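There are 2 protein chains.
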Amino acid sequence: MTDASKTREDGETTLLVLDADPPPRLGGLTGRTRILHGDESTFASQLPLADVLLVWDFLSDAVRRAWPGEGPRPRWVHTASAGVDHLMCPELAASDTVVTNARGIFEAPIAEYVAGLVIAAAKDFYGTNELQRQRRWRHRETRRVAGTRAVVVGSGPIGRSIARTLEALGVTVAVTGRRARPGVHGPQDLPPLLARADWVVSAAPLTDATRGMFDARAFDTMNPSAYFINVGRGRLVVEADLLAALAGRWISGAALDVFEQEPLPPESPLWDVPGLIVSPHMSGDVVGWRDELGSQFLELYDLWESGKPLPNVVDKDVGYVPTHDPSHD
Amino acid sequence: MTDASKTREDGETTLLVLDADPPPRLGGLTGRTRILHGDESTFASQLPLADVLLVWDFLSDAVRRAWPGEGPRPRWVHTASAGVDHLMCPELAASDTVVTNARGIFEAPIAEYVAGLVIAAAKDFYGTNELQRQRRWRHRETRRVAGTRAVVVGSGPIGRSIARTLEALGVTVAVTGRRARPGVHGPQDLPPLLARADWVVSAAPLTDATRGMFDARAFDTMNPSAYFINVGRGRLVVEADLLAALAGRWISGAALDVFEQEPLPPESPLWDVPGLIVSPHMSGDVVGWRDELGSQFLELYDLWESGKPLPNVVDKDVGYVPTHDPSHD
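From first to last, the protein sequence lines stand for chains Y and V.
Each residue of the first sequence is one higher than the one before, starting from 2 at the first, in the working numbering.
Each residue of the second sequence is one higher than the one before, starting from 2 at the first, in the working numbering.
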């Protein structure tokens, strides 16, 4: 890490921020660091000047597009997101550059969000809302949450946080990951788990191994009463297959917080599919989240500057922070 | 209890059922008991014939109206509900008749329902639903649930179950009851608790002491960011005052599952108040609830017939099962 913290030429570190609105609060770096702010139009030309890159605009794929170009590259890239799929490319993966993510910020909020979606579906909150709109008093019987079964696909900190929260509500939860380990099922267990789950929660990183994993075959494996929730990445799901599964009642309903294309365009057929809840990629974003992301970067910057090991280091070959990283377990 | 289990005249017990659709499954009593089925029109004339009364229609006030009339009265009344406000009258309270309720059936489902309403409000699920209807992608920041504060008004099994479930989500919960005791605040603590609560949950029995307790003064005491949930009884709330509180933004929103008048008539102004969720008295009613209520009555009937003590005995003076009843704690 000490090598990586060396500055490019004149003793001052250059931090490039791929900006978004609102920008990060980096007052803590005043006088310590030269800060360049870039956007998608300026980014490629600024990239060779940077010792450190902060990917504040986590919706942009400017990093992935610019990285393979000419010139020096930053030795540390931090992204203000849990997923790194928007920035990874083979050249970055093969480089010595350290990539860190925002592990620790989104886990608990996303877990609450998923728990809310589960209860809302079990109790038919949206059906009640529609009946209220029609001024109709129609008593129905709803489902218990305790005693149901969930499978959470994704054994990173977000998936495990979701599992803990659902378990607190009495749900029996199985977590699946890339490889079996204590408390985590391997991929070979997924089909039987899907077949008997009441709730299927997608919280996996987007990698070559997970892209499109929720396809017609997966939905066909699920129970007709199953409810599908995606808070991971849009491209984990083959959206056309999900629409077919909902139309054919292979599953009972679904809630998507992430999409193949974001923002979801107004003309998308996903907006008004019966039984499908659409939310604008906000499950982890609670009041103050941007400040938390900014503070987290400043903490990591202090470590980096003093040559100490960084937490939240992404395994660039698999595309996420390995869970055996002891720093946040 | 042995006295109470004596039958009226011929050695056979007469069970009167104040019926509702669907009726209870009482096959377990075949050959043991004479069963009369009554409705609101026949009930008063049948009441003197009954040794035991099962109030299956828990929406009817036929018991309260007929009880003060002429003739013998049943020695045991069981209601398939948690509340007994629909059947209690001074003459029943003063009598030797034992009244039991459906304690144990509704607690956990109602707690899940309340937890779902809390998360739905914190995450603005209904706002997201409305935006989906408009095909609008509008990212917002939402609230954490963990770390917020709730006051649950009602220290019976339903209130305590709600408290446990919210605590499992990281909410700090205070429970208030008719009198202070370990873990329960007395009425004098309520105003300061209301003033700092993020969530105010009404789960009290309807008694002379609680009727209309959520009035203009109570709503005025609450924090403008507070959210009010009523799963107890409609008449705990002065509905006109709640409407004023919502219109005046004294509180941020509310969800009502119970109402002064049920079913809520189509012309009620409550149906389309901004920030008010209306549901048809269903928070405790999960699939199989009627079967559970029927089975519970049969279990109590076995005890009664063999002269054993009954659980779930209502303190008729206060209007609910006292919490020091050890049988279900």
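Idealized CB from N, CA, C, for every residue including glycine.
As the structure is a computational prediction, the values presented were derived from the model and not from experiment.
For residue 117 of chain V, the neighbours in chain Y by C-beta distance under 7 Å run, in chain order, 117, 120, 121, 124 and 126. For residue 301 of chain V, there is no enclosing beta strand (DSSP E); the enclosing alpha helix (DSSP H) has its first and last residue at 290-306. Membership of residue 203 of chain Y in the beta strand (DSSP E) is indicated by the continuous run 200-203. In the DSSP annotation of this structure, the continuous segment of the beta strand (DSSP E) that includes residue 256 of chain Y starts and ends at 254-257. Out of Y/52, Y/37, Y/90 and Y/73, the CA that lies nearest to the CA of residue 63 of chain Y is found in Y/90. Here residue 39 of chain Y carries a strand assignment [DSSP, helix/strand/coil].
Taking 8 Å as the cut-off between beta carbons, the residues of the segment 98-114 of chain V near chain Y are 109, 110, 113 and 114, in sequence order. Per DSSP, the continuous alpha helix (DSSP H) segment holding residue 129 of chain V begins and ends at 126-134. For the set Y/252, Y/300 and Y/87, the Cα lying nearest the Cα of residue 200 of chain Y is the one of Y/252. In chain order, 247 place their CB closer than 8 Å to the CB of residue 275 of chain V, counting only its own chain and leaving out the 5 sequence neighbours on each side. A Cβ of chain Y is located within less than 7 Å of the beta carbon of residue 140 of chain V. Residue range 108-123 is occupied by the alpha helix (DSSP H) that includes residue 114 of chain Y. As DSSP reads the structure, residue 174 of chain V sits in a beta bridge with V/151. A Cβ-Cβ separation of about 6 Å places residue 153 of chain Y in contact with residue 204 of chain Y under the 8 Å criterion. Judged by their CB atoms, residue 17 of chain Y and residue 47 of chain Y are nearer to each other than the 7 Å cut-off. Straight across, the Cα-Cα distance linking residue 163 of chain V with residue 230 of chain V is about 11 Å. About 6 Å separates the CB atoms of residue 98 of chain Y and residue 74 of chain Y; that is less than 8 Å, so the two are in contact. CA-CA distance, residue 167 of chain Y to residue 284 of chain V, rounds to 19 Å. By a beta-carbon distance limit of 8 Å, residue 124 of chain V does not contact residue 149 of chain V. Their separation comes to about 12 Å. In this structure, residue 237 of chain V lies away from residue 220 of chain V, with their beta-carbon atoms at least 7 Å apart. Listed along chain Y, the residues sitting closer than 8 Å to residue 130 of chain V by beta-carbon distance are 127, 130 and 278.
With a threshold of 7 Å between beta carbons, residue 265 of chain Y makes contact with chain V. The Cβ neighbour count for residue 317 of chain Y, taken over all protein chains shown within 10 Å, is at least 16; the residue is labelled buried. Along the segment 134-165 of chain V, going in chain order, the ones with a CB nearer than 7 Å to a CB of chain Y are 136, 138, 139, 140, 141, 142, 143, 144, 145, 146 and 147. Here the alpha carbon of residue 235 of chain V sits roughly 20 Å from the alpha carbon of residue 66 of chain V.
Not a single C-beta of chain Y is nearer than 7 Å to the C-beta of residue 238 of chain V. With a 10 Å radius around the Cβ and a threshold of 16 neighbouring Cβ atoms, residue 226 of chain V comes out exposed. Sequence-ordered contacts of the segment 183-206 of chain Y with chain V are nonexistent [C-beta pairs closer than 9 Å]. Of the candidates Y/24, Y/323, Y/31 and Y/30, Y/323 places its Cα closest to the Cα of residue 182 of chain Y. Where residue 19 of chain Y is concerned, the enclosing beta strand (DSSP E) starts and stops at 14-19. Per DSSP, the continuous alpha helix (DSSP H) segment holding residue 222 of chain V begins and ends at 217-222.
At least one CB of chain Y lies nearer than 7 Å to the CB of residue 286 of chain V. Rounded to the nearest whole angstrom, the C-alpha separation of residue 278 of chain V and residue 95 of chain Y is 54 Å.
Checking the DSSP bridge columns, you'll see residue 186 of chain Y partnered with Y/177. Between residue 50 of chain Y and residue 15 of chain Y, the CB-CB gap stays under 7 Å. Against chain Y, the beta carbon of residue 283 of chain V has neighbours under 7 Å at 140, 141 and 143, listed in chain order.
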